[in-house]
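A.B. asks:
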Amino acid sequence: MTAETTWTAITPTDNVPPREGRAVRIGNLEIAIFNINGRFLTIENACPHKGGPLCDGITSGTTVVCPLHGQRFDLETGAPVLASQATCLATFPTRVDEGLILVDLTNPRKIVP
Ligand code: FES
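Below is the structure:
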């Protein structure tokens, strides 16, 4: 049985410049949406190490480096690039419709080590 998908309209694509991330708070959840060459990826915003804002990190390929202490996370899976570094983050299905970024907040994906 699959969970129902509920797409939430977040923001126009123009608000997330290429290679950058933007934080969005929805209720108690803060997510970071990244524009990777026109492909939008969404991940929990708080680094599991000490809560660093991943939205402010520098991207490389489909990874982002936490701006506080440099741990790198895969934006597609939420996994730390070095397995010894940190726990995984949740990622969220993301798509674009008529210039709007839509995120399915009801179906987070998280790799369990
Ligand atoms: S808070 Fe992200 S690496 Fe320390």
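Quick note on our numbering: the sequence shown kicks off at 34 and runs consecutively. Glycine residues also receive a C-beta, built at the ideal position from the N, C-alpha and C atoms. Since the structure is predicted, the reported quantities are computational estimates derived from the model, not experimental observations.
Cα separation between residue 144 and residue 92?
C.D. replies: Near 21 Å, if we compare the C-alpha coordinates of residue 92 and residue 144.
A.B. asks: Specify whether the region 115-128 and the region 59-77 touch according to this definition: at least 3 beta carbon pairs, one from each stretch, less than 8 Å apart.
C.D. replies: Contact between the region 115-128 and the region 59-77 is present, because at least three Cβ pairs lie under 8 Å.
A.B. asks: So, helix, strand or coil for residue 92, using DSSP?
C.D. replies: Three-state result, residue 92: strand.
A.B. asks: I'd like to know if residue 93 contacts chain B, where contact means its C-beta is closer than 8 Å to some C-beta of that chain.
C.D. replies: The structure shown contains no chain B; it holds only a single protein chain.
A.B. asks: Return the chain-ordered ranges of every beta strand (DSSP E) run that is complete within the region 74-130 and spans a minimum of 3 residues.
C.D. replies: You should have 91-93, 96-98, 105-107 and 127-130.
A.B. asks: Between residue 65 and the rest of its own chain, which residues show a CB-CB distance below 6 Å, the 5 nearest in sequence each way excluded?
C.D. replies: Cβ within range, chain order: 54, 56, 76, 78, 87 and 88.
A.B. asks: Taking residue 102 as the reference, give the member of 68, 84, 51 and 117 with the closest Cα.
C.D. replies: Of 68, 84, 51 and 117, the residue nearest in Cα terms is 84.
A.B. asks: Quick one: what's got a C-beta closer than 8 Å to residue 95's C-beta in the same chain, skipping five residues either side?
C.D. replies: So the list reads 69, 74, 107, 108 and 109, once near-sequence residues are dropped.
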